[in-house]
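Worksheet for the structure shown next.
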Amino acid sequence: MNLITLLKQTTSKSLDSLYQVKIQPDQVLVNATKPEFEGDYTIVLFAFVKQLGKSPEQVGNDLGNAMQNALPSIITNFNIVKGFLNFTIRNDYWLEFIQHLSPNELLPPAINKKKIMVEYSSPNTNKPLHLGHLRNNFLGWSIAEILKLQGHEVVKTCIVNDRGIHICKSMIAWQLFANGATPNSTQKGDHFVGDYYVKYNDAFKAEVAELVAGGMMQETAEKEAPILKAAHEMLLKWEQGDAATLNLWKKMNNWVYEGFEVTYKKIGSDFFKTYYESNTYLLGKELVEEGLTKKVFYQKEDSSVWIDLTPDGLDEKIVRRKDGTSVYMTQDIGLAQLKQKEFNTDASIYVVGDEQNYHFKVLKLICQKLKQPAADGIYHLSYGMVELPTGKMKSREGTVVDADDLVDEMINISKEKTEALGKVSDFTQAKLTELYNTIGLGALKFFLLRVDPKKKMIFNPEESIDFHGFTGPFIQYTHARIKSILRKTGTAFTITPNELLPLEKQLAIELSSFPAMVNEAADNLDPSKLAIYAFNLAKLFNTFYAEHSISNAESEVKKQLRIQLGVLTAATLQKAMSALGIAVPEQM
RNA sequence: GGUUCGGUAGCUCAGCUGGAUAGAGCGUCAUCCUUCUAAGAUGAGGGCCAUUGGUUCGAAUCCAAUCCGAAUCACCA
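Per this note's numbering, residue 307 is the first one in the first sequence, and the count goes up by one each step.
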């Protein structure tokens, strides 16, 4: 059992037998003892002192003695400072921990296994992926991995927004300006199509300006611009199944998919199933009828269908237009139902930006009111936008940090830095390429995953992403460093250790908290918890490394103990990083 | 205007289910490679935790108000 859990339970039991008070184990606050005080773990007493009517010293003394008697093989000592009861754990406990832990036992104990869907990435097909999509992709992939570490079955899906006005804009611009040009070897298909999306917008703005110069109101002009009307017409033709339009649509989408595939492969995104909006946008139509029958929805005179969410503190929301077509919301309800039919998951996580918070609140609410089986399992993993120092990125303005460009840049930087350090001169070209990819992507992924997903983050393109300090390469380096030592020392561990220095103990404590960290990251759907943990562990190891020699340890016993600490640290770093989608090299 | 989210060191961020003197990284300055990988370590400096009030033995953390910023409130997706 986890030591902190044990301390909590024992505290609860001890308080009961001492004072006949019931305090639940999870009400007991156990912290790591601050370095300036003596001890390893601290129980905060204030919480119970009041209801016991005794002084903190009295309670601390009683509880300390009781705990020590209850756990003689674990607690060696305790002291009380103000309302804080500090316990020192027996070195034998940690030695036992180090000696018997195998790298495969680092994970949290299995809990009740669930089937969970993670929908992420979900690109539009009118433009290439940018930095914001990278945050989405890395988050989704990492969340899936973290849930797997907890023992769940995960189904990764993606919904491609392959139809609608946005792609029609790229299509119309291509017709107008491309002269039949197609993607070539110097430009990926997604970038090629994205250029026409920008060209569309430039033309639109020029037309609007012209109309305004002719005396039209800005607002009217933005609706009357000929190129916009052409795009709308094209959308209409698409919906009517016009062959020429569908052909162009397929052709351009395929260019985009070819481009996406290259990017996904490079960044490691994968999906068990990909849904296409062109196949799902008609879903949910029968749900509208169902909702009307159940009186969840109501119809207005113009025959449009609505749901009144004002009792829930929200607004009225339309679910079917007066022309009978369904809206985005309805499609999403339909898709949720379809996913449930196909996969029967216990929970469904949508990795979507926080601009859609309202949408997902409404989606879940409507599904619940319709009594859909999937409703309660809907969870919107809302993440903040990635912004530039100048503000939001806008694809139509062309002010985006392109995903492919950034990935390439990171890989190039890692190449330069690696060459400058000259530590892998024995590598083949293939191994070098792999290493540059590992480090470059490691830096990028870590940069995007190390912050709380909920918070928006700022990326400054002027300052390249760091390779020192709180970064992916720092942790990768620490791993490579450990492996380098272990290659020389071997990993034999046959002698029973009998003493433990402070830094060795700290490492053991840090290692022991990994399973709890996995659970915390999973429960909060927050990979940054693991990123921070991995960084702290790596930093601690580096301090330890600078202070104590492994291969030239004071004695054979010490050497073996430290080798084992190295083995466990490397394995833990590897597991934590792999849950972030980051590989750790053996040498760098 | 309604709703929601955010404001912590020069910059980027932890800490937020209340607990000891608020922490990292970057940047700045100063040390440490004839010894296991210096993408490293050690130290210095840097803070009215947006503001004001409240609850509490105790508040960056909870509550209220205010200020600032963002998202959203479409018969767009």
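We treat Cβ as the ideally placed atom computed from N, Cα and C, and that holds for glycine.
Below 8 Å, can you find three or more Cβ-Cβ pairs linking the segment 374 to 392 to the segment 422 to 433? Here the segment 374 to 392 makes no contact with the segment 422 to 433; the two share fewer than three CB pairs at distances below 8 Å.
How is Ile634 classed by DSSP in three states: helix, strand or coil? For the record, residue 634 in the displayed sequence is Tyr; it is not Ile. Of the three classes helix, strand and coil, the one that applies to Tyr634 here is helix, per DSSP.
To the nearest angstrom, how far is the alpha carbon of Gly690 from that of Val863? Spanning the two alpha carbons is a distance of roughly 50 Å.
Have a look at Leu312 and Ser318 and give me their C-alpha separation to the nearest angstrom. Straight through space, the alpha carbons of Ser318 and Leu312 are spaced by roughly 10 Å.
So, helix, strand or coil for Ala484, using DSSP? Correct three-state label for Ala484: coil.
Comparing alpha-carbon positions, which option in Gln524, Lys475, Glu528 and Glu513 lies nearest Val504? Check the Cα spacing between Val504 and each of Gln524, Lys475, Glu528 and Glu513: the tightest is with Lys475.
Residues near Leu879 in its chain [Cβ-Cβ closer than 7 Å; skip 5 each side]: Closer than 7 Å at the Cβ level, and outside the excluded window around Leu879, lie Ile781, Thr784, His785, Ala840, Leu843, Ala844 and Val890.
What's the gap between the Cα of Ala519 and the Cα of Ala479? Taking the straight line joining both Cα atoms gives about 23 Å.
Determine which residues share a DSSP beta bridge with Tyr581 and list them. BP columns for Tyr581 point to Ile465.
Quick one: grab the DSSP three-state call for Tyr426. Coil, per DSSP.
At what residues does the beta strand (DSSP E) containing Leu391 begin and finish? Looking at the DSSP string, the run of the beta strand (DSSP E) that includes Leu391 is Phe390 to Ile395.
Helix, strand or coil for Gly565, going by three-state DSSP, please let me know. Correct three-state label for Gly565: helix.
Report yes if the C-beta distance between Leu413 and Leu455 is below 7 Å; otherwise report no. Their beta carbons are under 7 Å apart, which means Leu413 touches Leu455 by this criterion.
Work out the CA separation of Val594 and Arg626 for me, nearest whole Å. Distance between the alpha carbons of Arg626 and Val594: 7 Å.
Buried versus exposed, by CB contacts within 10 Å (16 or more), Met523: Exposed, because fewer than 16 other Cβ atoms sit within 10 Å of the Cβ of Met523.
Would you kindly check if the distance between the Cβ of Gly748 and the Cβ of Ile888 is under 7 Å? Contact check for Ile888 against Gly748 passes: the beta carbons are separated by less than 7 Å.
Checking 7 Å against the spacing of the C-beta atoms, do Leu401 and Val657 come in under that value? No, the Cβ-Cβ distance between Leu401 and Val657 is not below 7 Å.
Here's a check: name, in chain order, each residue in its chain whose Cβ is nearer than 6 Å to the Cβ of Ile310, leaving out the five neighbours to either side. In its chain, beyond the 5 residues on either side, Val336 have a beta carbon closer than 6 Å to the beta carbon of Ile310.
Return the CA-CA distance between Thr348 and Asp368, expressed in angstroms with no decimal places. Their backbone Cα atoms lie some 15 Å apart in a straight line.
So, are the CB atoms of Lys606 and Leu615 less than 7 Å apart? Cβ distance not < 7 Å, so Lys606 and Leu615 don't count as in contact.
Compute the Euclidean distance between the alpha carbons of Ile717 and Asn743, then round it to the nearest angstrom. Computed Cα separation, rounded: 6 Å.
Below 7 Å CB to CB, which residues in the same chain sit around Val568 once its five sequence neighbours on both sides are set aside? Once the five neighbours on either side are set aside, the close Cβ partners of Val568 are Lys494.
Would DSSP call Val890 helix, strand or coil? In this structure, Val890 counts as coil in the three-state DSSP scheme.
Using 10 angstroms around the beta-carbon of Pro833, count the other beta-carbons present and answer buried if the total reaches 16, otherwise exposed. Under this definition Pro833 is a buried residue.
Can you give the Cα-Cα distance for Leu694 and Ser575, rounded to whole angstroms? Taken atom to atom, the span from the alpha-carbon of Leu694 to that of Ser575 is near 24 Å.
So if DSSP puts Leu313 in a beta bridge, which residue, or which two residues, is it bridged to? The partner list for Leu313 (beta bridge, DSSP) is empty, contrary to what the question assumes.
Below 6 Å CB to CB, which residues in the same chain sit around Val692 once its five sequence neighbours on both sides are set aside? Only residues of its own chain outside the window of five on either side were considered, and among them Leu437, Gly438, Arg441, Met763 and Phe765 have a CB closer than 6 Å to the CB of Val692, listed in chain order.
Leu598: beta carbon under 6 Å from a heavy atom of the ligand NAP? Ligands in the displayed structure: none, and consequently the ligand NAP is not present.
6 Å Cβ shell around His497 - same chain, five flanking residues per side excluded: Around His497, the same chain offers Pro434 as residues with beta carbons nearer than 6 Å, after the five sequence neighbours per side are excluded.
Terminal residues of the continuous beta strand (DSSP E) containing Ser654? Ser654 -> beta strand (DSSP E) spans Ala653 to Gly659.
Can you find at least 3 beta carbon pairs, one from the segment 457 to 475 and one from the segment 721 to 729, that sit closer than 8 Å? The segment 457 to 475 makes no contact with the segment 721 to 729; the number of CB pairs closer than 8 Å stays below 3.
Does Ile717 come out as helix, strand or coil in the three-state DSSP assignment? The three-state reading of DSSP puts Ile717 in helix, counting H, G and I together.
Leaving out the 5 sequence neighbours to the left and right, which residues in its chain are closer than 7 Å to Ile801 when beta-carbon positions are compared? For Ile801, where only same-chain residues beyond five positions count, the Cβ hits under 7 Å are Glu862, Val863 and Gln866.
In three-state DSSP terms, what is Gly697? Strand.
Residue interval of the beta strand (DSSP E) (run including Val625): Residues Glu622 to Arg626.
Continuous alpha helix (DSSP H) stretch holding Thr348: start and end: Membership of Thr348 in any alpha helix (DSSP H) is not indicated; the residue belongs instead to the beta strand (DSSP E) covering Tyr347 to Val350.
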